[in-house]
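Undergrad: For the sequence shown, numbering that gives the first Met the number 0 gives the first residue as 0, with consecutive numbering after it. Where a beta carbon is used, it is the ideal one built from N, C-alpha and C, also for glycine. One structure coming up, written as C-alpha cells, with questions to follow.
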Amino acid sequence: MWKKTFVVALALLTVASTAAGTVPLADTTSSNEAPLADAGLDQEVTKDATVILDGTGSRDPNGDIERYNWSIRTPNDETITSECPDCARTKFAPSELDRYR
Numbered sequence: 000m001w002k003k004t005f006v007v008a009l010a011l012l013t014v015a016s017t018a019a020g021t022v023p024l025a026d027t028t029s030s031n032e033a034p035l036a037d038a039g040l041d042q043e044v045t046k047d048a049t050v051i052l053d054g055t056g057s058r059d060p061n062g063d064i065e066r067y068n069w070s071i072r073t074p075n076d077e078t079i080t081s082e083c084p085d086c087a088r089t090k091f092a093p094s095e096l097d098r099y100r
C-alpha cells in the first residue's frame, strides 16, 4: 500500500505602500493606512512539488501597493528564497517534509 506524505506550505508576505500625489497643506484629515497582506490559501503538497504563492489578494486602503516581499521559513527555521521574492506571485519547491511558514 502506498503512503503519501505531504508538505504544508504557508508563507509570510509583506506589502508596502507609499502615498502618491500631492495633498494640499490645509488637508489634515488624509492619512496613509497600512496595506493588508494576503498570501493566499494554505497548501498541502508532496515533497519537491512546486508551491505557487499568490499575493494578488493583498490590498491597500489607499490603493497604492508599492512592493511585495516574500519570506519563507523551513521546518528548521532557516529562510529560503522563492523564485521571485519581490513579485506578487512566486513559487518554490520544498525539499523537506514538514511545515513551511
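Could you tell me which residues DSSP puts in a beta bridge with R100?
TA: R100 pairs with nothing; no bridge assigned.
Undergrad: Out of A92, D97, T55, L40, point me to the one whose CA is closest to P34's CA.
TA: Checking every option, the nearest Cα to that of P34 belongs to T55.
Undergrad: Just to check my reading of the structure: I64 and Y99 have Cβ atoms closer than 8 Å, yes? What is that Cβ distance to the nearest angstrom?
TA: That pair is no contact at about 24 Å.
Undergrad: Put T73 into one of helix, strand or coil per three-state DSSP.
TA: Coil at T73, not helix or strand.
Undergrad: Take the Cβ of T89 as the centre, count every other Cβ of all protein chains shown within 10 Å, and call the residue buried at 16 or more, exposed below.
TA: Burial call: buried.
Undergrad: So, is L52 buried or exposed, given that buried needs 16 or more other C-beta atoms within 10 angstroms?
TA: Buried is the call here.
Undergrad: Applying the 10 Å Cβ sphere with the 16-neighbour rule, what's the burial state of S94?
TA: Flag for S94 reads exposed.
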